[in-house]
Structure formats: C-alpha cells, structure tokens
Amino acid sequence: MSAPAASIKGRAFGDHLLLALVLLLSIVMIAPVLWVIGLSLKDNAELMADPNSVFHAPYTLKNYINTVGTSSVFIWVRNSIIVSGGLTLGTLILSSLAGYGFARLNFPGRDVLFVIVLFGLAVPEQAVLVARHQIFSMLKFHNTFQGLILPGLSAPFGVFLMTQYFKAIPKELDEAAMLDNASRLRIFWKVLLPLTLPAQATLGIFTFLGAWNDYFWPLISATRKDMFTLTVGMASTQTNFAQSEGIGFLMAQAVFAGAPILIVYLFFQKYIVTAVSGAAVR
Amino acid sequence: MKLKKMLFAAVSAGAMMLANPSFAATELSVQRFFGACDADFGTNTDPTKAVGECGIITSLINKFNADNPDVHVNVTTVEWPGYDQLTAQFASGDAPDIVTIHESVLSDYQSKGLLMPLDDLLKSVGVTPDAFTDAARNGATKDSKIYGLPIDSWTMLYHVNMDLFKQAGLVSADGTPIFPKSPEELLAQAEQFKQKTGKPYFVQNLTNETALYTRNLYTYLFQQDSDFFADPKHVKLNTPEAKKVVEMYKAIFEKGYTTKDLDYGGSINAFLAGEGGVHLNGTWVVGDYNAQSETKGTALNKGGYAVYPYPQLFGGTHAQYADGHTWAVSQKDRTPEQIAAIGKFLKFFADNDFEWSRTGHLPAYKAVITSDAFKALPHRNTISAVADLGKPLPSAVQRQFAIQDIIGEEMSAAISGQKDVDTALADMESRVNELLANI
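Protein chains in written order, with this note's numbering: chain B, 853 to 1134; chain Y, 1163 to 1601.
Below you can see the structure in the form of structure tokens.
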C-alpha cells in the first residue's frame, strides 16, 4: 500500500471515529431531554407505580393541559420576558458605555474605579441580599418590575468583558474618526460598537439566560402572584411531593419553561454559536 | 335633558355597583403551599368531589368564597414550604393575612411577634382548643396561646407490604403484621425477613434526605423519655439514648436490612414494586398506597397493604414524633370586618376538617377523629392512635427546619460510616447549639 493511500485510509478511520464519538456525545446530551419529554407525556399515577411505563403507551397531554390551565401561567411568561429582556437590554447598554469609558477615556481615579468594579465579581449575591431587600422595601420596589430588573444591572462581569473587548480594538480607528471630526459619542456608536457585536451577543445571551432562570431574588422580591416570574410561578404550582406523585406534571413544566429558550436558540443559533465560540477563544 | 340622562345613568351605575355583593366584599389574602391544580379543581366548589391535598384545599377555599359573598379570599400558592418568601414578606411589611405554617415552624414567627394569638378570635366563632386533639393542641400552642388553627397532624408511619410479611412469617394468626418490641427484636425480624424473602426489611429514602433520619431519631428518643430539649435553646444529643438509636440504624444499614441509594421518589417506586417490607413514609401516602393495593397486578394487591404507627422499641412512654399544618394569621392592624372575615375563614376550616382528613393526614379535631365517617376511611383505624401518640418538639424550640437538616446530615454520616457515631453525635449537638445560640 502506498503512503498516500494509507494516510487517506487512516484519516477516514479517524473521521469515522470522530463521528462515532460525536454521535455518542450527542446521544448522551439529548437523552435527558428525551427522558424529560417522555415523562411529561405520562400520567402521574402511572409513573408513580412504574417509572418504566415511560417506554410504552398510553401517553397523554394532560400534564401540559394542567400546566397551561394554571390561571396565571401566561402572566408569568410575560413577566419573565419583561424582566429578562429589560435586564439584558440594560446590561448591554450600561456595560458597553462603562467598558468604553474604562478602555478609552482618561479620567481621575479610573484605575481605582475599575478595580472596585472588579471587586464586584468576588461579592456573592447572598452577601448583599438582606441589605438589598431592606433598601428595596424602603423604596417600595418589591413586587415591581424595577425591583426585579435593577439588581441585575449591576454587572461587573459585563463591564469587565466590554472593557477588555474595547481595549482590543486598535485606537487608530478612534483617531481616524477624530480626524474626520467625529464626536466621542459618534465614534462609540458608529465605529466601535458595531465591532463589539460578538461580545454583545455573548453578554446578552448569558444575561438573558441567567435572568430567565433566576429563582431566588424573584422568590423573595416578587411575592404577589401577578408579579411571579415563570420560575417562581411554576414552582408554586408544584404539590409538596411533586418529585414522586407529580413527576409527569413536573416534567411538563420543565418543557414549558424551557421552550422559550429553545425558540430563542432556534432563531439566534448563528449568533449564539459565534458568541460562545468567541467567548471560548477569548 | 342631556344632563338629566347623564345623571340618571350615573345613579343607575352606582346603584348596580352597590347591589353587587362582591363590591363590598372584605378582601383576605391567603398564602399556602400544597400546589396549584386550577385545571382540575379551579372552579370546583364541592370538596367531596376533590382528591389530594391540592384538590381538597382548592375546593374548600372555592366553597368558602361561594358560601360567603361578603368575603373574598385571594389565594397565592407558594412552593413548599414557602418560608423564605414568608420571611421576606414579613421583612417588607407585606405579609398575607392568613398563611399555612407547620406547627414546628410557628415559634420562629411567633417569637418575633409576627403572628396574632388566635384564642379570642377562635372563641368568638365557637372554636375552642379543647376541641383539638392533644397532638394538634400541643403543636399549635406557643407560650400558652394558640398561634395557628390546626388542620391536621402528620407523622411517619410503617407502611407494610403484607405479601412479603407473610412470606417472612411475620403475620400473626389474626392477620396483623408482627412488629418488634425492642431494637434487638427489630434486627432479628429484619434478618428473618431478609432470609425468607431475599429483600430488605426497610425501604428508606436515604439519599438527598435529612427529614427521615431526624424524625426517626426524635421518635425513638421520645420512646426513651429522653428530654433532649429540656432547655429550648440548648440541645443534648450526645447521649446514650441517641447513641442507641443511631447504632440501631447503622446496624440496619450495614447488615443490608434497608434499601440504599434511593431518594424520596425512588423509595416510593421501590416499595410499590415490592422491593421491601416496610416503607418509612408519612400519612400523606396512605391514599395512594391504598389505591395501589386495590389495583390488580400490583405488588401491594398481591397480599395487601397495611399501615401502622412506629412500633414501641424502648421502655419509655409510647410516643412518636408528629407535626401538623396550621392556618396562622399575621399580626397587623385590621378593621373589625377584616378580623370577622378571618374568623369566618378559620371557623370554616375547623368545620370542614373531615374533608381535609381525606388527604391521609390525621384530623386535628376530636369530633372528627372519633366520627364514623372518618373511621370508615381506609386504614384510619390503625393510624388514628397517632392523635394521642403524636408528640412535637417543645413549642419554644425555634428553627426546627434548620435543626432537622443538621441532625439529618450528621445521622446520615454516622449511619453510612463517614463518621463514627460518637463524633457524629458530638458534631450534631454542637452544630445545633451554635445555631440556637445565634438566634
């Protein structure tokens, strides 16, 4: 056998191995999702008696009907969209402006301020929870959208990410724009911001996912049923022994709560992959 | 002419609004766990047609709203147990009027003056504490006052697979299961069971679990008359009595007399699949297990299902740990109409305790527990003794849910061999006392 032929054969074998590995990993990743969907289509009592009943008929949509039949569920979806969307938009605006400022502007105390922002990364939410709750009580912010959105706008990671991204863009671009008499705001808006789209996408996606899945702050701030987010609302509908007596319902809730994220993924797949791979490279 | 018409329209609209009874209804905010089941019972006002905790409580509140047009109850359901939310609501001055609280948790809020004593209000609507069962009255009383309307008592029980018990030769001539009377007898019967059936005596959820361990310990400390909370701010758990209990469960674990590596859901599936003789679980599964035993082809249908309180294994008072659910009322300024509406709501639940007892929980009222209707419910004849045997921790002990987690973690470590028993008991005691010292 000639050397090139062996090389091709070797490469083909390697490709096949890689493909098999990817397929195996895909199955590992998709299996829990299929398991959840399967459980969601089974009657609770049947699952309680025999968890293996998921592998055979009868199947039912009753759990989904019960999920959607909960009177406030669409209000909770709306609340989650408002909170996640508002938080994402606010974080992108603030982080971009702050990142630009730290990367491009010289002002007294800039470095100290940046270090203070970075310290924010080391402060866990639990450490400020009581104080924040008290302040929001005084301001009457509980059970309001601002009460759910404002805490997340303090995003040191976002500021750090955008600062680093702006720093990586050559300053010559700013200087060229300045020679054309562009203002700072115009340079930021027209020249630099479009170049940071991958970072914006990364930050936006992670912020949106974090806000959508957030549970603890909404749990203690939104205590009125009409202000629940989807996570808190869904949890409130579970019975005490949902993990044994209501497993089908629980799984239908998981599918229902995860569906919007899946839809977002389907529409923004290209940007998300770019963002995540960009974040990984970075 | 036009002005006349407008005036007439305005007066008519006003009259219609006043004529609508809901316009003048007193609003009450009620917060509860037990889940939501609007799709099945959202409009049902007949509690007799409802099943399960969620179905029955939803239907009861619907009926209350239907029967009392002068009061309107707005319900918020929260994820069990809902105390993070409730604490936050109290902190922000936005607590609900009426809220479900476990008897074991009442003192956390009562000690801070957040709950309203209910003695006078209950008396005004004709509900007196002497109507409560001993377990319910003890659980709802803090500092000699009633701080929650008890609606049930619940406890852990011996759920028995009678087919496997027969195979093991642990059924007496009258058809009742034979239970041990001492730790030694328990281990001997468990060995006999394992030999005859090839299966473990116990089905237990020992994974992701703290409550089961702790409730078992409390029960067998009570049965040794151990006054481990003589001082409600200082626990004594590094004692010979506690050591006996932990060593007994350690032996059960090591000799394979129990299932291992099962979480709560898994333990239910295992018991229903006939994987063990006795499932240690609460009052709330009696209905489900009974239904299984009536379904042909199931493991429980084979030889039957029985359920009993924990057997007396030690020489002290016959007792077992029990807790209960209550309706508590937040402390705040209210109009006489609001207080009267709350009284109506509590009275309604006191009057309808039988419906709630169909969940499997034991009634909180003597009249219900001794009624023919209650006795006619499946297995209530064997478990109703819990109303007398049931014993909570002393009412002044705070942070009982947090204490439960600490004790459960340390017991789990001792039983599974991660720590030796003495170290686990010492750690258990010091951790609980540290918690209580910082309240």
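Cβ coordinates follow ideal geometry from the N, Cα and C atoms, glycine included.
Give me the residue from the options with the minimum Cα distance to residue i.
i	options	result
S1191(Y)	N1543(Y), T1532(Y), V1491(Y) and E1416(Y)	V1491(Y)
F1120(B)	T1054(B), M990(B), Y952(B) and M1103(B)	T1054(B)
P910(B)	A901(B), K894(B), M990(B) and T922(B)	K894(B)
W848(B)	F907(B), I934(B), L876(B) and L875(B)	Here chain B comprises residues numbered 853 to 1134, so residue 848(B) is not present and cannot be evaluated.
T1338(Y)	Q1580(Y), D1567(Y), G1466(Y) and L1539(Y)	G1466(Y)
V1240(Y)	A1074(B), F1101(B) and G1098(B)	A1074(B)
Q1482(Y)	L1555(Y), E1416(Y) and G1522(Y)	L1555(Y)
T1048(B)	G951(B), F971(B) and V975(B)	G951(B)
G1217(Y)	S1254(Y), S1429(Y), M1324(Y) and G1204(Y)	G1204(Y)
S1273(Y)	A1250(Y), D1305(Y) and E1403(Y)	D1305(Y)
T1127(Y)	S1557(Y), A1529(Y), W1489(Y) and G1522(Y)	Lying outside 1163 to 1601, the shown extent of chain Y, residue 1127(Y) is not represented and no answer is given.
I1501(Y)	L1597(Y), P1473(Y), I1260(Y) and V1237(Y)	I1260(Y)
D1425(Y)	L1374(Y), D1281(Y) and A1599(Y)	L1374(Y)
Q1251(Y)	F988(B), E1027(B), M1103(B) and L1102(B)	F988(B)
Report the rounded CA-to-CA distance for residue i versus residue j, giving the unit in angstroms.
i	j	result
D1393(Y)	A1503(Y)	38 Å
S1191(B)	L973(B)	It is not possible to answer for residue 1191(B), since the shown part of chain B is limited to 853 through 1134.
L957(B)	E977(B)	30 Å
G866(B)	G1010(B)	40 Å
F1108(B)	G938(B)	21 Å
A1063(B)	N931(B)	11 Å
Y1017(B)	P1050(B)	10 Å
A1432(Y)	H1234(Y)	44 Å
I1021(B)	L876(B)	40 Å
L1031(B)	K1019(B)	20 Å
P1243(Y)	F1195(Y)	6 Å
M1179(Y)	A1187(Y)	Interpretation of M1179(Y) is limited by its pLDDT of 46, a score under 50 that renders its predicted location unreliable; the figure taken from the coordinates is listed afterwards. Roughly 12 Å separates the two Cα atoms.
P1312(Y)	Y1470(Y)	23 Å
V1365(Y)	V1408(Y)	17 Å
A1007(B)	P1540(Y)	57 Å
T1460(Y)	Q998(B)	54 Å
K1405(Y)	D1582(Y)	11 Å
P1183(Y)	D1296(Y)	At P1183(Y), the pLDDT of 45 sits below 50, so the modelled position is not reliable; the number obtained from the coordinates is stated separately. Near 40 Å, if we compare the C-alpha coordinates of D1296(Y) and P1183(Y).
T1015(B)	L899(B)	52 Å
R1038(B)	T943(B)	20 Å
T1401(Y)	M1590(Y)	11 Å
G1418(Y)	T919(B)	41 Å
A979(B)	Q986(B)	13 Å
Please list, in chain order, all residues of the same chain as residue i whose beta carbon is under 6 Å from its beta carbon, the five residues on each side excluded.
i	result
A1087(B)	none
F1002(B)	Before going on, a small fix: residue 1002(B) reads as Leu here, not Phe. There are no such residues.
F1476(Y)	Q1385 and Q1386
K1122(B)	none
I1414(Y)	T1420
Y1067(B)	T1083
M1410(Y)	P1345
T1091(B)	G1098
V1287(Y)	G1505 and K1509
Y1271(Y)	L1277
D1423(Y)	T1369
P1112(B)	none
For residue i, list the residues DSSP reports as bridge partners.
i	result
G1552(Y)	Q1482(Y)
I1263(Y)	T1488(Y)
K1304(Y)	K1307(Y)
N1467(Y)	Here residue 1467(Y) turns out to be Tyr, not Asn, going by the sequence shown. Bridge partners of Y1467(Y): N1323(Y).
N1443(Y)	L1319(Y)
H1396(Y)	D1393(Y)
L1508(Y)	Beta-bridge pairing links L1508(Y) to no other residue.
E1189(Y)	H1234(Y)
Y1527(Y)	F1294(Y)
For residue i, I'd like the list of residues in its chain whose CB is within less than 7 Å of its CB, leaving aside the five on either flank, ordered along the chain.
i	result
N1595(Y)	H1396 and V1397
R984(B)	P1003
R962(B)	F954
R1377(Y)	M1318 and Y1483
I1065(B)	Looking at the sequence provided, one finds Asn at residue 1065(B) rather than Ile. Hits under 7 Å: T1083.
What I want to know is whether the C-beta of residue i ends up closer than 7 Å to one or more non-hydrogen atoms of the ligand COA.
i	result
S936(B)	In terms of ligand content, the structure shown is empty, and the ligand COA therefore cannot be addressed.
By Cβ distance, which residues of its chain are closer than 8 Å to residue i, with the 5 residues on each side in sequence left out?
i	result
T1479(Y)	F1384, Q1385 and D1387
W928(B)	F1080, T1081, L1082, V1084, G1085 and M1086
Along the region 911-932 of chain B, where does the CB come closer than 7 Å to a CB of chain Y? Name the residues. Near chain Y, meaning a CB-to-CB distance below 7 Å, the residues of the region 911-932 of chain B are I917, N918, G921, T922 and S923.
Using a beta-carbon distance cut-off of less than 9 Å, what residues from the region 1052-1081 of chain B approach chain Y? Of all residues in the region 1052-1081 of chain B, F1068, L1071, I1072, S1073, T1075, R1076, K1077 and F1080 have a Cβ within less than 9 Å of some Cβ in chain Y.
Residues of the region 1456-1485 of chain Y in Cβ contact with chain B at a cutoff of 7 Å, in chain order, please. For the region 1456-1485 of chain Y, which is checked against every Cβ of chain B, the residues closer than 7 Å are T1460.
Under 7 Å (Cβ pairs) to chain Y, residues found in the region 895-908 of chain B: Those would be M900, A901 and P903, in chain order.
Using a Cβ-Cβ cutoff of 9 Å, what residues of the region 972-989 of chain B are near chain Y? List them in chain order. Those residues of the region 972-989 of chain B that come within reach of chain Y (Cβ to Cβ, closer than 9 Å) are V982, H985, Q986, F988 and S989.
Proximal residues, the region 1250-1280 of chain Y versus chain B, C-beta separation under 8 Å: Within the region 1250-1280 of chain Y, the qualifying residues are A1250, Q1251, A1253, S1254, G1255 and D1256.
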